[in-house]
Amino acid sequence: MSKTTLVILAAGMASRYGKGAKQTESFGPSGETIMEYSIYDAINAGFNKVVFIIREDFAESFKAKMDPLLKDRVETVYVFQSLEKFIGNHELPQDRTKPFGTGHAILCCKGA
């Protein structure tokens, strides 16, 4: 059976959101996150692996929220989007704190 993988970009800073990590914010009638709805639909469509691209600074709380929900339902992998990954011979700007964006996030899940 081949792996069909859902990649969820969840490493954003949520700077415009204004009140914590939007990735784990409860939204649904029973406290579901928006991601949970997407994952539910993906599993029902035949996806059997979920790769979350997250930041290391909120990995523990993110995993604590998602692991119990996905255990025994789908293979789950977490990768970190960090500034040091995939920059090649380029120097990081000294004042850079934000992730580089979508393309960089996808590169970070290479091999997951």
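Last residue of the sequence shown? That's 104 in our numbering, and every number before it is there in order.
Where a beta carbon is used, it is the ideal one built from N, C-alpha and C, also for glycine.
Roughly how many angstroms separate the alpha carbons of A2 and T68, rounded to a whole number? Residue 2 sits at position 10 when you count from the first residue of the sequence shown. Residue 68 sits at position 76 when you count from the first residue of the sequence shown. Their backbone Cα atoms lie some 14 Å apart in a straight line.
Note down, in chain order, each residue of its chain lying with its Cβ closer than 8 Å to the Cβ of S30, except the 5 sequence neighbours on either side. Position 38 of the sequence shown, counting from 1, holds the residue named residue 30. Contacts found: L(-2) and I0.
I need the boundaries of the beta strand (DSSP E) containing T(-3), first residue and last residue. Here the question's residue -3 lines up with position 5 in the sequence shown. It spans T(-3) to L1 - the beta strand (DSSP E) in which T(-3) sits, taken as one unbroken run.
Whole-angstrom distance between T(-4) and D64, CA atom to CA atom: Locating residue 64 in the sequence shown gives position 72, where the first residue counts as 1. Locating residue -4 in the sequence shown gives position 4, where the first residue counts as 1. If you take the alpha carbons of D64 and T(-4), they lie about 16 Å apart.
Return the chain-ordered list of same chain residues with a C-beta closer than 6 Å to the C-beta of F39, the five sequence neighbours on each side being excluded. In the sequence shown, residue 39 corresponds to position 47, counting from 1. Closer than 6 Å at Cβ, skipping near neighbours: T(-4) and L(-2).
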